[in-house]
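**Q** In terms of this note's numbering, the sequence shown opens at residue 993 and continues consecutively.
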Amino acid sequence: MQLEDLKRVVPGFQELSHPERIKLFTWYLHTYAGRERVDIDSIRRCYEQLHYGVPNLARDMARLAERRPPELLKDATGYRLEARVREVFDGKYGYAPSSIAVANLLADLPSQVPGADQSDFLREALNCYRVKSFRSAIVMAWNLAYDHMLRWLLADATRLHTFNQRIPIRYPKKQVRIVTFDDFEDLKESEVVEIASSAGLLNSGVIKILDKELKRRNSAAHPSPTVFTQYQAEDSITDLVNNVVLRLR
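(1) What are the boundary residues of the alpha helix (DSSP H) that Lys999 is part of?
(2) Can you give the beta carbon distance from Leu1064 to Ala1057, rounded, assuming they're within the 8 Å contact cut?
(3) For Ser1189 and Glu996, I'd like the C-alpha separation in whole angstroms.
(4) Evaluate contact between the stretch 1220 to 1239 and the stretch 1177 to 1186, counting only Cβ atoms and requiring at least three cross-stretch pairs below 8 Å.
(5) What is the DSSP secondary structure of Gly1083, counted as helix, strand or coil?
(6) Near Val1077, what residues of its chain come up, given a Cβ to Cβ distance below 7 Å and the 5 sequence neighbours on each side ignored?
(7) By DSSP's criteria, Leu1064 is part of a beta bridge. Which residues make up the other side?
(8) Following a CB-centred definition, is Lys1084 positioned closer than 8 Å to any heavy atom of the ligand GDP?
(9) Need the endpoints of the alpha helix (DSSP H) that Phe1126 sits in, please.
(10) Taking the C-alpha atoms as reference points, what is the distance between Asn1119 and Arg1000?
(11) Is it the case that the Cβ atoms of Arg1208 and Trp1134 are separated by a distance below 9 Å?
(12) Taking 9 Å as the threshold (C-beta atoms), are Arg1029 and Gly1070 in contact?
(13) Taking contact to mean 3 or more Cβ pairs, one atom from each stretch, closer than 8 Å, check whether the stretch 1093 to 1112 and the stretch 1184 to 1202 are in contact.
(14) Would you kindly check if the distance between the Cβ of Thr1023 and the Cβ of Arg1072 is under 9 Å?
(15) In chain order, what residues of the same chain lie with their CB nearer than 8 Å to the CB of Pro1061, ignoring the 5 residues before and after it?
(16) List, from N- to C-terminal side, the alpha helix (DSSP H) runs of 4 residues or more that fit wholly inside the stretch 1187 to 1226.
(17) Looking only at its own chain, which residues have a Cβ that is under 7 Å from the Cβ of Val1123, when we skip the five neighbours before and after it?
What follows is the structure in structure tokens.
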């Protein structure tokens, strides 16, 4: 996680009091910068990097250390979060190594796929995952991959011609010809996947992933008591990004 991500991950970040912001910056430096201790200068740099006015850090950090129980612990080498305070932040905003890898996978897409930085689906998938809205992250990951696949089909005239030729063969009752992006709305998502598969445009591995993830997306998109876990969201994101978005170029 980058420092700038805190503004998106932490609800109400802009309204945090300075003591709460200092504790959050300290937690970030412990967790993501590998700092066992922090000092006034390191917290000041966090404020400056995010373009916030710097409060009286010496006073505020001393007061946090003087609370009973203390929220910062001070020794000769600097400050550190008290264990219970750190556990609270870990529970709210902490990420396992796999979570960091998934977030980075999404964040790095614009540098690997032209136009990905313009994708609302990419931004929403990343934001949903970062705030642990795993049901929504699954839906947005599918939208990202499906949108990419449609644009990939349109990008090559021969590929699109092959797709169009296969429509009446696979679905004889369909009076559909794809010319523009909006024309895909005349087909169900499952039909697009089936036509692309039947036309030999996608290999069996990609088709298997698309079939699996479409079923999961359908389950996540409809009201149900089903709980979607972090593992399921990570599985969807990594499968769809690595095997659809990054492969279809």
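Positions of the beta carbon are idealized from the N, C-alpha and C atoms, including for glycine.
**A** Let me lay it out:
(1) Leu998 to Val1001
(2) 5 Å
(3) 41 Å
(4) no
(5) helix
(6) Lys1015 and Glu1063
(7) Leu1073
(8) Ligands displayed in this structure: none; no statement on the ligand GDP is therefore possible.
(9) Phe1126 to Ala1147
(10) 7 Å
(11) yes
(12) yes
(13) no
(14) no
(15) Glu1074 and Arg1076
(16) 1196 to 1213
(17) Val1001
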